[in-house]
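Chemist: What follows is a single structure, and I will ask about it in a moment.
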Amino acid sequence: MSDVNAVVDERVKQTSGLRKALIRPELGAIVGTIAVFAFFIVFAGDSGMFNAQGVLNWSTVSAQFVIIAVGACMLMIAGEFDLSVGSMIGFAGMSIAIMSVTLGWPVWIAILVTFAICIAIGALNGIIVVRTGLPSFIVTLAFLFILRGFTIFFPQLIERRTIIGGISDVAQGDWLAPVFGGKILGGLFVWLADLGLVDTFSRGTREGQPVVDGIPMLIVWALGLMILAHVVLTRTRFGNWVFAAGGDAQAARYVGVPVNRVKILMFMFTAFCATIFATCQVMEFGSAGADRGLLKEFEAIIAVVIGGALLTGGYGSVIGAALGALIFGVVQQGLFFAGVESSLFRVFLGVILLLAVILNTYIRRIITGER
Amino acid sequence: MASFDHNPIVEMRNIEKHFGPVIALNGVSFDVRPGECHCLLGDNGAGKSTFIKTMSGVHKPTGGEIMFEGRPMSFDSPRDAMEAGIATVYQDLAMIPLMSVTRNFWMGREPVKRVGPFNFIDFKMANETTMAEMRRMGINLRSPDQAVGTLSGGERQTVAIARAVHFGAKVLILDEPTSALGVRQTANVLSTIDKVRKTGIGVVFITHNVRHAMAVGDRFTVLNRGKTLGTAQRGQITPEELQDMMAGGQEMVELEGSLGGTV
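As given, the protein sequences belong to chains A and B, one line each in that order. Each number in the numbering used here corresponds to the 1-based position in the first sequence with 39 added. Each number in the numbering used here corresponds to the 1-based position in the second sequence with 82 added.
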């Protein structure tokens, strides 16, 4: 029998602290973020992209991506996909518009009812996937079409058009609407403007006011969801179950992890994130359109994959996904600032996606010992 | 070594299991006592897997009795059997390779620490316990954060065994733990089985390798075509006899002759 008291295995190389710090699931996304920022500092550094207004501009766009990427990330780690996110965004926005404008309900009721409906649809997605054992790819593809169809059908039936406006008017004085469409820390920016750190308008009706009048709630939601999801995933028992459900559902069931419940809850969380996205968007634009949220499901999935998650589940990082979303937002807006033809956005994204995924695959093999 | 003076922890009497027209088990009797390693041998298709799944609560027997600590018992699910103290380590379903050793070790039973209104996993305690339990089994981990995928097959089996032992298993069922392993790793797993047995746990060791069984077994039961061919104690039987019983006798003798006795 072998000597079981051998203390050091001569076949295991000692790894340095630096290497250990570098080798983490988010590495690909961190490298990508640095590359993207370096690129735009060089090519668009003097275009206003990095003054207060510019930063707010790409932060807001990135925050939109972060909100849906966080949901998609948790779900993907639990081993499932949701392709109905984009349609859900359109559906939720339209639902709020119809209830508040057409039906004349108070906006807060419209928002809460919409959240309830959308989370219920998320649960339905999850229950169908778990009960039938079908791939979530197929089930949520069906909902992609079902929800988009309803989103076009209902406003046409009721209002004879596919865009419903006037939400800003009915949202005046509502207590819940500012939670999604409002801004915070306005006073801080006035103070910063007084100190000369933020520019002020020099002409027009808002002369003397800071050009940035607060941080949109969209960004607050994005940061809040990211931190919540990251802590739940890495620090709690439920987070361990999410990894286990996606890593190997059968092995997890053998030790008593409620895999089905975890998966259904993650579908509901994804729907919740999509509804937050939709509500913020509707409150910002003051209108809902039947084509809102098109292709968002793929952008969310791409951000998650850039962030180091494994498409087959069981592995990934919320911080990575958020960085993936940041890359998206910065590139999309940065090309505009740099004066580059915006269709190149897609080329750039494709290239970044490919490079990040190749790097991530390599890192993951080192961490997990996959062969 | 074995404590034959003890009463069995689990006793299976005349277990029958039918799947439709197929009779998978046709009257199997088997028992495990504390601190012994009882080997269940049989060729592929002999009914070993069906039998241990009956024992661990996955299947309900069609006929026969299961006695647990002297009382008749009927398990509705693997969870029930686990709660009672019957832990099963499956050959392939033991671990999730993408997750860290600690996360695997505590999966489903994560220790939590309350911070304000929130419950967080107590990683300090979880990591320390994992390292200590693995050390007891003779494996020094580089770090409790390392993914199970970076461990060898034998080490993975050991994590699963250490987990079962830590959570108070009285009976440990090992489903072909050595069948996919190299020589050195097999030796490690066999020595782990020996350590577990010495703590007073009853080990059921399923294998079709007579040499592995002889290395650690106290008693040997051979299963052939859904029936037990009897139980022998250590020293009462030779490896050749066990091999013959497993294979069903005559034709194996001829085969072995032509292969020069190497099987």
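Where a beta carbon is used, it is the ideal one built from N, C-alpha and C, also for glycine.
Measure from the alpha carbon of B/Thr-211 to the alpha carbon of each residue in B/Ala-244, B/Pro-199, B/Leu-233, then state which is nearest.
Modeler: Residue mapping note: residue 211 of chain B aligns to position 129 of the second sequence, counting from 1. Nearest of B/Ala-244, B/Pro-199, B/Leu-233 to B/Thr-211, Cα basis: B/Ala-244.
Chemist: On the DSSP bridge list, what partners appear for A/Met-256?
Modeler: Locating residue 256 of chain A in the first sequence gives position 217, counting from the first residue. Note: A/Met-256 sits in no beta bridge, so no partner.
Chemist: Residue range of the beta strand (DSSP E) that A/Gln-289 falls in?
Modeler: Counted from its first residue, the first sequence places residue 289 of chain A at position 250. Careful: A/Gln-289 lies outside any beta strand (DSSP E), inside the alpha helix (DSSP H) at 288 to 293.
Chemist: B/Ile-319 by DSSP, collapsed to three states: which one?
Modeler: Reading the second sequence from its first residue, position 237 is the one you call residue 319 of chain B. In this structure, B/Ile-319 counts as coil in the three-state DSSP scheme.
Chemist: Measure how close the beta-carbons of B/Ile-91 and B/Gly-250 come, nearest whole angstrom, since I'm counting them as under 8 Å.
Modeler: The residue given as residue 91 of chain B occupies position 9 in the second sequence. The residue given as residue 250 of chain B occupies position 168 in the second sequence. B/Ile-91 to B/Gly-250, Cβ: 13 Å. No contact.
Chemist: What's the C-alpha gap between A/Lys-335 and A/Ile-106?
Modeler: One-based indexing of the first sequence puts residue 335 of chain A at position 296. One-based indexing of the first sequence puts residue 106 of chain A at position 67. Going by the C-alpha atoms only, they are around 11 Å apart.
Chemist: Scan the stretch 201 to 233 of chain B for residues whose Cβ lies nearer than 7 Å to a Cβ of chain A and list them as they occur along the chain.
Modeler: If the cut-off is 7 Å between Cβ atoms, the stretch 201 to 233 of chain B has Asn-201, Phe-202, Ile-203, Gly-220, Asn-222, Arg-224, Ala-229, Gly-231, Thr-232 near chain A.
Chemist: Helix, strand or coil for A/Ile-160, going by three-state DSSP, please let me know.
Modeler: Counted from its first residue, the first sequence places residue 160 of chain A at position 121. Note: A/Ile-160 maps to helix in three-state DSSP.
Chemist: Between the stretch 139 to 146 of chain A and the stretch 110 to 126 of chain A, are three or more C-beta pairs nearer than 8 Å?
Modeler: As far as the Cβ criterion goes, the stretch 139 to 146 of chain A does not touch the stretch 110 to 126 of chain A, which means the pair count is below three.
Chemist: Do three or more CB pairs link the stretch 124 to 133 of chain A to the stretch 171 to 188 of chain A at distances below 8 Å?
Modeler: Yes: at least three Cβ pairs fall under 8 Å.
Chemist: Within the same chain, show all residues whose beta-carbon is closer than 6 Å to that of A/Gly-165, passing over the 5 residues directly before and after it, in chain order.
Modeler: One-based indexing of the first sequence puts residue 165 of chain A at position 126. Around A/Gly-165: Lys-302, Ile-303, Phe-306.
Chemist: Quick one: what's got a C-beta closer than 6 Å to B/Arg-316's C-beta in the same chain, skipping five residues either side?
Modeler: Along the second sequence, read from residue 1 onward, the residue named residue 316 of chain B stands at position 234. So the qualifying residues of the chain are Asp-300.
Chemist: Tell me whether A/Ala-45 is buried or exposed, calling it buried when 16 or more other Cβ atoms sit within 10 Å of its Cβ.
Modeler: If you number the first sequence from 1, residue 45 of chain A lands on position 6. Annotation note: pLDDT 41 at A/Ala-45 (below 50); position unreliable, coordinate value reported separately. A/Ala-45 is exposed by the Cβ-count criterion.
Chemist: Going along chain B in order, which residues have a C-beta closer than 9 Å to the C-beta of A/Ile-358?
Modeler: Taking the first sequence and counting its residues from 1, the one referred to as residue 358 of chain A is at position 319. Going along chain B, no residue has its Cβ under 9 Å from A/Ile-358, so there is no contact; the nearest lies around 17 Å.
Chemist: What residues from chain B crowd round A/Asn-279, counting only those whose CB sits closer than 9 Å?
Modeler: In the first sequence, residue 279 of chain A corresponds to position 240, counting from 1. The contacting residues are Met-181, Arg-185, Trp-188, Met-189, Gly-190, Glu-192, Ile-203.
Chemist: Let's see if you can read the secondary structure: which residues bound the alpha helix (DSSP H) around B/Thr-240?
Modeler: Indexing the second sequence from 1 puts residue 240 of chain B at position 158. Unbroken alpha helix (DSSP H) run through B/Thr-240: 235 to 248.
Chemist: Once the 5 residues before and after B/Pro-143 are set aside, which same chain residues still bring their CB inside 6 Å of it?
Modeler: Here residue 143 of chain B refers to the residue found at position 61 of the second sequence. Excluding positions up to five away in sequence, the list reads Ile-97, Lys-99, Thr-136.
Chemist: Can you look up B/Lys-277 in the DSSP assignment and give me helix, strand or coil?
Modeler: Position 195 of the second sequence, counted from the first residue, corresponds to residue 277 of chain B. In the structure shown, B/Lys-277 sits in a helix (DSSP, three-state: H, G or I).
Chemist: So B/Gly-167 and B/Val-253 are in contact, right, with Cβ under 8 Å, and what is the actual spacing, rounded?
Modeler: On the second sequence, residue 167 of chain B is found 85 positions in, with the first residue counted as 1. On the second sequence, residue 253 of chain B is found 171 positions in, with the first residue counted as 1. Right, the Cβ-Cβ distance comes to about 6 Å (below 8 Å), so this counts as a contact.
Chemist: Mind checking whether B/Asn-89 and B/Glu-151 have CB atoms under 9 Å apart?
Modeler: Here the question's residue 89 of chain B lines up with position 7 in the second sequence. Here the question's residue 151 of chain B lines up with position 69 in the second sequence. Taking 9 Å as the Cβ cut-off, B/Asn-89 and B/Glu-151 qualify as a contacting pair.
Chemist: How would you label B/Met-207, buried or exposed, when you count the other beta carbons within 10 angstroms and need 16 or more for buried?
Modeler: Counted from its first residue, the second sequence places residue 207 of chain B at position 125. Exposed, by the Cβ-count rule.
Chemist: Identify, in the order they occur along the chain, each residue of the same chain with its Cβ nearer than 7 Å to the Cβ of B/Phe-101, setting aside the five sequence neighbours on each side.
Modeler: As a working note, residue 101 of chain B is residue 19 in the second sequence. Cβ neighbours of B/Phe-101 beyond the five flanking positions: none.
Chemist: Where do the N-terminal and C-terminal ends of the beta strand (DSSP E) with B/Lys-44 fall, by residue?
Modeler: Because chain B is modelled from 83 through 345, residue 44 of chain B falls outside the range shown and cannot be assessed.
Chemist: Who are the neighbours of B/Pro-160 on chain A, taking C-beta pairs under 7 Å?
Modeler: On the second sequence, residue 160 of chain B is found 78 positions in, with the first residue counted as 1. Residues of chain A passing the Cβ test: Tyr-293.
Chemist: DSSP three-state call for A/Leu-388: helix, strand or coil?
Modeler: As a first step, residue 388 of chain A is located in the first sequence; it is residue number 349 there, counting from the start. The answer is helix: DSSP assigns A/Leu-388 an H, G or I state.
Chemist: Can you give me the Cβ contacts of A/Phe-384 inside the same chain, cut-off strictly under 7 Å, excluding the 5 residues immediately before and after it?
Modeler: Against the first sequence, residue 384 of chain A aligns to sequence position 345. Once the five neighbours on either side are set aside, the close Cβ partners of A/Phe-384 are Val-370, Gln-371, Leu-374.
Chemist: I'd like to know if A/Gly-286 contacts chain D, where contact means its C-beta is closer than 9 Å to some C-beta of that chain.
Modeler: In the displayed structure, chain D is absent; the protein chains listed are A and B.
Chemist: Alpha carbon to alpha carbon, how far is A/Leu-392 from A/Ile-73?
Modeler: As a working mapping, residue 392 of chain A is identified with position 353 in the first sequence. As a working mapping, residue 73 of chain A is identified with position 34 in the first sequence. Taking the straight line from one Cα to the other gives about 15 Å.
Chemist: Compare the C-alpha of B/Asp-158 against each of B/Gly-129, B/His-141, B/Leu-256 and name the closest.
Modeler: Taking the second sequence and counting its residues from 1, the one referred to as residue 158 of chain B is at position 76. Ranking the options by Cα distance to B/Asp-158, first place goes to B/His-141.
Chemist: So, does the CB of B/Ile-243 fall closer than 9 Å to a CB anywhere in chain A?
Modeler: Position 161 of the second sequence, counting from 1, holds the residue named residue 243 of chain B. Chain A, which has no Cβ nearer than 9 Å to the Cβ of B/Ile-243, makes this no.
Chemist: Rounded to whole angstroms, what is the Cα-Cα separation between A/Val-390 and A/Pro-217?
Modeler: The residue you call residue 390 of chain A lines up with position 351 of the first sequence. The residue you call residue 217 of chain A lines up with position 178 of the first sequence. Spanning the two alpha carbons is a distance of roughly 38 Å.
Chemist: What are the complete beta strand (DSSP E) segments, minimum 3 residues, inside the stretch 165 to 222 of chain A?
Modeler: Fully enclosed beta strand (DSSP E) runs of 3 or longer: not present.
Chemist: Let me check understanding here. Comparing Cα to Cα, which of B/Val-286, B/His-294, B/Gln-239, B/Val-292 lies closest to B/Met-94?
Modeler: Taking the second sequence and counting its residues from 1, one reaches residue 94 of chain B at position 12. Nearest C-alpha to B/Met-94: B/Val-286.
Chemist: Can you list, in chain order, the residues of its chain with a C-beta nearer than 6 Å to that of A/Phe-154? Leave out the 5 residues immediately preceding and following it.
Modeler: In the first sequence, the residue the question calls residue 154 of chain A occupies position 115. Thr-314, listed in sequence order.
Chemist: Closer than 8 Å is the cut-off here; do at least three beta carbon pairs connect the stretch 234 to 244 of chain B with the stretch 265 to 276 of chain B?
Modeler: Result yes; three or more Cβ-Cβ pairs closer than 8 Å.
Chemist: Buried or exposed for A/Glu-49, please, with buried defined as at least 16 other CB atoms from any protein chain shown within 10 angstroms of its CB.
Modeler: The residue you call residue 49 of chain A lines up with position 10 of the first sequence. In this predicted model, A/Glu-49 has a pLDDT of only 48, less than 50, meaning its place in the structure is not dependable; the value taken from the coordinates is given anyway. Classification of A/Glu-49: exposed, given that the 10 Å Cβ count is below 16.
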